[in-house]
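Note sheet for the following structure.
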Amino acid sequence: MPMLEIKRLTVPAYGFAKNLDPERRQLLAICGQFFTFEEGEVIVNEGDTHTDLYFVLEGTLMLRRRINEHSYAPIGTAKRGSTFGELNLFHPLPARTTILAVTSGEIWRLSKEQFEAMIADDLVIAREALGYLCTTLALRLRRATERYANTKEEYDQLFDDLVEERSLDEVLPGVEPPPEQPAAE
5 MPMLEIKRLT VPAYGFAKNL DPERRQLLAI CGQFFTFEEG EVIVNEGDTH TDLYFVLEGT
65 LMLRRRINEH SYAPIGTAKR GSTFGELNLF HPLPARTTIL AVTSGEIWRL SKEQFEAMIA
125 DDLVIAREAL GYLCTTLALR LRRATERYAN TKEEYDQLFD DLVEERSLDE VLPGVEPPPE
185 QPAAE
């Protein structure tokens, strides 16, 4: 069953709208669209291109990534107050994850065109929305960087352990050892 559009008079005062007065939250309601979703419903398909920002009002969504044609790996959840689709407002590309409803709930959706009109019309909304989106994207980038650094450290340790046990040529024939990194000061 596809998402069902519903009418609401205002966007709730949490997430990126928590610091907005009631009148501005009513403006947000007019700018975007509200939808209900049911458990098991796909909100966004991995690989589909879209330019929408989604704000979870109620319910729980699972973010999952295709591993192969028969299986997926869960990579996160989106709950009340969460947003997703932020990058596509600024740089639309095919979705990297499928967003699947774990429970029934509601979302508010804002297209790129609606977003641009909204921030052009009201500087307070623009400040709050852009501040929230920048903070959200910065936190996600920081987490991804930390995961990369941890993975690289684990790989380097595994490589060192393997080389310790055998010669480098036995472990990885034809591969040169990684260059020494200068010590951080």
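Numbering (our numbering), first residue to last: 5 to 189.
By construction, the Cβ of each residue, glycine as well, lies at the ideal position given by its N, Cα and C atoms.
Here the structure is a predicted model, which means the values were calculated and not measured.
Review point. Comparing alpha-carbon positions, which option in Glu62, Met122, Lys116, Asp52 lies nearest Phe39?
Key: Glu62
Check your understanding: Among the residues of its own chain, which have a CB less than 8 angstroms from the CB of Ser75, if the five just before and after it don't count?
Key -> none
**Study point:** Short Cβ contact (8 angstroms threshold) for Gly36 with Arg113
**Key:** Cβ distance < 8 angstroms, so Gly36 and Arg113 count as in contact.
**Study point:** Supposed close pair Val60, Ser86 - CB separation, criterion 8 angstroms
**Key:** 5 angstroms
Exercise for review: Using DSSP bridges, identify the partner residues of Gly109.
Suggested key: Phe41
Review point. Rounded to whole angstroms, how far is the Cβ of Ser115 from the Cβ of Thr55, which I believe are closer than 8 angstroms?
Key: 6 angstroms
Point to revise | Exposure of Phe94, with buried meaning 16 or more beta-carbon neighbours within 10 Å | key: exposed
Exercise for review: Over the uninterrupted alpha helix (DSSP H) stretch that includes Glu90, give me the two end residues.
Suggested key: 90-94
Check your understanding: Leaving out the 5 sequence neighbours to the left and right, which residues in its chain are closer than 6 angstroms to Leu8 when beta-carbon positions are compared?
Key -> Thr40
Check your understanding: Just checking, does the segment 125-140 make contact with the segment 63-82 on the three C-beta pairs under 8 angstroms criterion?
Key -> no
Review point. For Ala153, does the three-state DSSP call read helix, strand or coil?
Key: helix
Exercise for review: Take the Cβ of Val48 as the centre, count every other Cβ of all protein chains shown within 10 Å, and call the residue buried at 16 or more, exposed below.
Suggested key: When all chains shown are included, Val48 counts as buried.
Practice item. Could you work out which residue in Arg147, Pro6, Arg29 is closest to Pro16 when comparing CA atoms only? Key: Closest in alpha carbon position to Pro16, among Arg147, Pro6, Arg29, is Arg29.
Check your understanding: Between Gly44 and the rest of its own chain, which residues show a CB-CB distance below 8 angstroms, the 5 nearest in sequence each way excluded?
Key -> Leu104, Ala105
Check your understanding: With Leu97 and Thr149 assumed to form a contact (beta carbons below 8 angstroms), what rounded beta-carbon distance in angstroms separates them?
Key -> In fact, because the Cβ distance is near 20 angstroms, the residues do not count as touching under 8 angstroms.
**Study point:** Strand pairing of Asp52, partner residues [DSSP]
**Key:** DSSP output for Asp52 lists no bridge partner at all.
**Study point:** Rounded straight-line distance, which links the Cα of Lys11 to that of Asp25
**Key:** 20 angstroms
Exercise for review: Evaluate Leu166 with the Cβ neighbour count: other Cβ atoms within 10 Å of its Cβ, from every protein chain shown; 16 or more gives buried, anything less gives exposed.
Suggested key: exposed
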